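Novice:
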Amino acid sequence: MATTNEQLQAAEAGSAGGPGDKIIVRNLYKTFTVRGSVVRALVNINLTVADGEFLAIVGPSGCGKTTLLRIMAGLEKHSAGTLEMRHRDRSKPLNNMVFQEHSVFPWMTVRDNVAYGLMLRGVPKKQRDEIVSYYIEKVGLTKFYKAYPFQLSGGMKQRVSLARAFANDPEVLLMDEPFGALDEQNKLLLQEELLRIWSEHQKTVCFITHSVDESIVLADRIMVMTAHPGQIKAFVKVPFERPREVYKIRATPQYGQLMYSIWELLRDEVLRAKREEGGQ
Ligand SMILES: Nc1ncnc2c1ncn2[C@@H]1O[C@H](COP(=O)(O)OP(=O)(O)OP(=O)(O)O)[C@@H](O)[C@H]1O
Ligand SMILES: [Mg+2]
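My numbering applies: residue 95 is where the sequence shown begins, and numbers increase by one.
The following block contains the structure:
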């Protein structure tokens, strides 16, 4: 089911990127220099994400997942290799990142936070208001339309950043554990909403998660990373058809097999990361 590291490195590095490809990463490395010593964060990443693909990224803590997304978002520069992000419609943003920790503007109301990207793009007020109310309702914050972030819980702030990303309508959604801080019910609702937005608007999604379950339920393909310094360990294809009914998927034997094979790939890496954290 999984493609091994050697196979995938050869396949990915050798391909120049076809017409249906959206993100093309070749031989990418990232090092940080911290007080004179070099920290290797990413080692030889080769990855092609197709236009409209939903890619989940899993890997132990500290393996470089956020760093990779920040590089894709243009927030960080890679040290070597190449990254190409193909922009289809220049009237829309190329990408939008939803951060691991909720990142809302504390001085703006919920409405203004969600409207921010649309305002920057000069979307007319009437249309902007419609889009903003639609997504605020979708994330269940209609009553908090005029509230400021200090009046909201952590999970609610995270929902504001999600609404802002959805409203912004980028071609690529870069999502860094966006549902990690949410309660179970809101998580389920927003997973469904994300799948709906993704399928209706043909977005490309790169989605970091610590949850193997979430990666299976949402993604077309799962990229498993090694412990620090991050390399790609395997790609696993998720065979379930779309549209998916999450509960039905969980009840199938394939779901159990996938959980098992992804966890097998991850387990050693998580243990290795723990040993290194403990200095053993
Ligand atoms: N700005 C920075 N300066 C120095 N080192 C950094 C910086 N950002 C990340 N690192 C290092 O790069 C490595 C990867 O960090 P990153 O945040 O990408 O991991 P992660 O996979 O997102 O972890 P987590 O699952 O805990 O969020 C870590 O060793 C981290 O200490
Ligand atoms: Mg991270």
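Just so you know, even glycine gets a beta-carbon here, dropped at the ideal spot from N, CA and C. Here the structure is a predicted model, which means the values were calculated and not measured.
Please classify Asp-183 as buried or exposed, where buried requires at least 16 other C-beta atoms within 10 Å of its C-beta.
Specialist: Here residue 183 is taken as the residue at index 89 of the sequence shown, counted from 1. Exposed is the call here.
Novice: So is Leu-365 buried or exposed if we call it buried at 16+ other beta carbons inside 10 Å?
Specialist: As a working mapping, residue 365 is identified with position 271 in the sequence shown. Leu-365 comes out exposed.
Novice: I think Met-319 touches Gly-153, with their Cβ atoms under 8 Å apart; what is that distance to the nearest whole Å?
Specialist: One-based indexing of the sequence shown puts residue 319 at position 225. One-based indexing of the sequence shown puts residue 153 at position 59. The pair is a contact, with the Cβ atoms about 3 Å apart (cut-off 8 Å).
Novice: DSSP on Lys-232, reduced to helix/strand/coil?
Specialist: Stepping through the sequence shown from its first residue, residue 232 is reached at position 138. Lys-232: helix per DSSP, three-state reduction.
Novice: Taking Asp-349 as the reference, which of Met-317, Asn-280, Ala-313 has the closest Cα?
Specialist: Looking up residue 349 in the sequence shown gives position 255. According to the sequence provided, residue 349 is Tyr. The question's Asp does not apply to it. Per the Cα distances, Ala-313.
Novice: Are Leu-163 and Asp-270 touching if we call contact CB-CB under 9 Å?
Specialist: To locate residue 163, count along the sequence shown from 1; it is residue 69. To locate residue 270, count along the sequence shown from 1; it is residue 176. Yes, these two residues count as a Cβ contact at 9 Å.
Novice: On the DSSP bridge list, what partners appear for Ser-131?
Specialist: Taking the first residue of the sequence shown as 1, we reach residue 131 at position 37. Val-128.
Novice: Mind checking Gln-252: buried by the 16 CB within 10 Å criterion, or exposed?
Specialist: Taking the sequence shown and counting its residues from 1, one reaches residue 252 at position 158. Flag for Gln-252 reads buried.
Novice: According to DSSP, Met-250 sits in a beta bridge with which residue or residues?
Specialist: Residue mapping note: residue 250 aligns to position 156 of the sequence shown, counting from 1. According to DSSP, Met-250 bridges with nothing at all.
Novice: Output the residue ranges of the beta strand (DSSP E) runs that lie fully inside the region 274-357 and measure 3 residues or longer, sorted by chain position.
Specialist: Counting whole runs of 3 or more residues, the region 274-357 contains the beta strand (DSSP E) stretches 298-302, 315-319, 326-331.
Novice: How far does the alpha helix (DSSP H) with Ala-209 in it reach, from first residue to last?
Specialist: In the sequence shown, residue 209 corresponds to position 115, counting from 1. Segment 204-214, the alpha helix (DSSP H) holding Ala-209.
Novice: Whole angstroms is fine: what's the gap from Val-204's alpha carbon to Gly-211's?
Specialist: Residue mapping note: residue 204 aligns to position 110 of the sequence shown, counting from 1. Residue mapping note: residue 211 aligns to position 117 of the sequence shown, counting from 1. Each residue's alpha carbon lies about 13 Å from the other.
Novice: Quick test of your reading: Ile-139 and Val-119, contact by CB under 8 Å. State the CB separation rounded to the nearest angstrom.
Specialist: Taking the sequence shown and counting its residues from 1, the one referred to as residue 139 is at position 45. Taking the sequence shown and counting its residues from 1, the one referred to as residue 119 is at position 25. Yes, they are in contact, since the Cβ atoms of Ile-139 and Val-119 sit about 5 Å apart, within 8 Å.
Novice: If we ignore side chains and look at the alpha-carbon of each, how far apart do Glu-294 and Leu-282 end up?
Specialist: Translated into positions along the sequence shown, residue 294 becomes position 200. Translated into positions along the sequence shown, residue 282 becomes position 188. So the alpha carbons of these two residues sit roughly 18 Å apart.
Novice: If we ignore side chains and look at the alpha-carbon of each, how far apart do Asn-375 and Thr-161 end up?
Specialist: It is not possible to answer for residue 375, since the shown part of the chain is limited to 95 through 374.
Novice: Give me every residue whose Cβ sits closer than 7 Å to any heavy atom of ligand 2, in chain order.
Specialist: This criterion selects Lys-159, Thr-160, Gln-194, Asp-270, Glu-271, Ile-302.
Novice: Pull up the distance between the alpha-carbon of Glu-335 and that of Arg-290, whole angstroms please.
Specialist: As a working mapping, residue 335 is identified with position 241 in the sequence shown. As a working mapping, residue 290 is identified with position 196 in the sequence shown. C-alpha separation (whole angstroms): 14 Å.
Novice: Is Cys-300 near ligand 1, going by C-beta to nearest heavy atom under 8 Å?
Specialist: On the sequence shown, residue 300 is found 206 positions in, with the first residue counted as 1. Outside the cutoff, so no.
Novice: Out of curiosity, what's the CA-to-CA distance linking Leu-276 and Glu-170?
Specialist: Position 182 of the sequence shown, counting from 1, holds the residue named residue 276. Position 76 of the sequence shown, counting from 1, holds the residue named residue 170. Cα-Cα distance, rounded: 27 Å.
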